[in-house]
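Residue numbers (UniProt numbering): 1 to 188.
1) Pairs of beta-carbons, one from the stretch 147-155 and one from the stretch 127-135, closer than 8 Å: are there three or more?
2) On the DSSP letters alone, give me the boundaries of the alpha helix (DSSP H) that residue 171 sits inside.
3) Quick check: what's the CA-CA separation for residue 27 versus residue 127?
4) For residue 157, report the span of its alpha helix (DSSP H) as first-last.
5) Let me know if residue 136 comes out buried or exposed under the rule of 16 or more other beta-carbons within 10 Å of its beta-carbon.
6) Counting only the same chain and skipping the five closest in sequence on each side, list residues whose C-beta sits under 8 Å from that of residue 175.
7) Grab me the residues of residue 115's own chain with a C-beta within less than 6 Å of its C-beta, minus the 5 sequence neighbours each way, in chain order.
8) Should residue 178 go down as buried or exposed, given a rule of 16 or more other Cβ atoms within 10 Å for buried?
9) Helix, strand or coil for residue 179 per DSSP?
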């Protein structure tokens, strides 16, 4: 995230905040009320660039008064219904993180519950997909298609285990050329 501001002398200033800190606004936003004068569109300009600020309410919660009038731009976010279906059918058994999450949700109390969908219904929780899930799915699809094309070009009709590529490494620069040419259009 980069906050671009103009100080009281009209000089441009930049404050940079890293992704892991994006829920903490730039220092200028936190200090804005201490500047003394009320912030108006005439006396102060602020440009904030972050897709999270446009998508996630939790990032700006409690700071709405500092962000009034901000324009945010976010990429189109779609919901992957298959992800919700998958997660609702997922069992925590055998996965430490999921078992801990199950316990955190309070679903260990009811031994009849087997899947997260049942747990969510039990605790009256509506599962909402995080905005980044489609991007992760797209990244996996791109890499899978690139690897598939790489193997096809290298091995032809041979079974993979009979191809020399199966005993060597993928070349990073070559794989990069493949994934840079993958198209996700028409995937839905």
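Where is the CB? At the ideal position from N, CA and C, for every residue including glycine.
Computed from a predicted model, the values in this text were never measured in an experiment.
So, from the listed chains and residues:
1) no
2) In the chain shown, the residue the question calls residue 171 occupies position 171. That residue, residue 171, is in no alpha helix (DSSP H); it is neither H nor E in DSSP.
3) To locate residue 27, count along the chain shown from 1; it is residue 27. To locate residue 127, count along the chain shown from 1; it is residue 127. With a pLDDT of only 48 at residue 27, under 50, the local geometry of the prediction cannot be trusted, and no value is derived from it.
4) Numbered from 1 along the chain shown, position 157 holds the residue referred to as residue 157. Note, residue 157: premise wrong, no alpha helix (DSSP H); not H, not E.
5) As a position in the chain shown, residue 136 is number 136, starting the count at 1. The residue is exposed, with fewer than 16 neighbouring Cβ atoms inside 10 Å.
6) By 1-based counting over the chain shown, the position of residue 175 is 175. Taking C-beta separations shorter than 8 Å and ignoring five residues to either side along the sequence, the partners of residue 175 in its chain run 146, 147 and 150, following chain order.
7) For this step, residue 115 is matched to residue 115 along the chain shown. Taken in chain order, the residues that qualify are 89 and 91.
8) Counting from 1 along the chain shown, the entry for residue 178 is found at position 178. Result: buried.
9) Here the question's residue 179 lines up with position 179 in the chain shown. Residue 179 sits in a helix when the DSSP states are folded into three classes.
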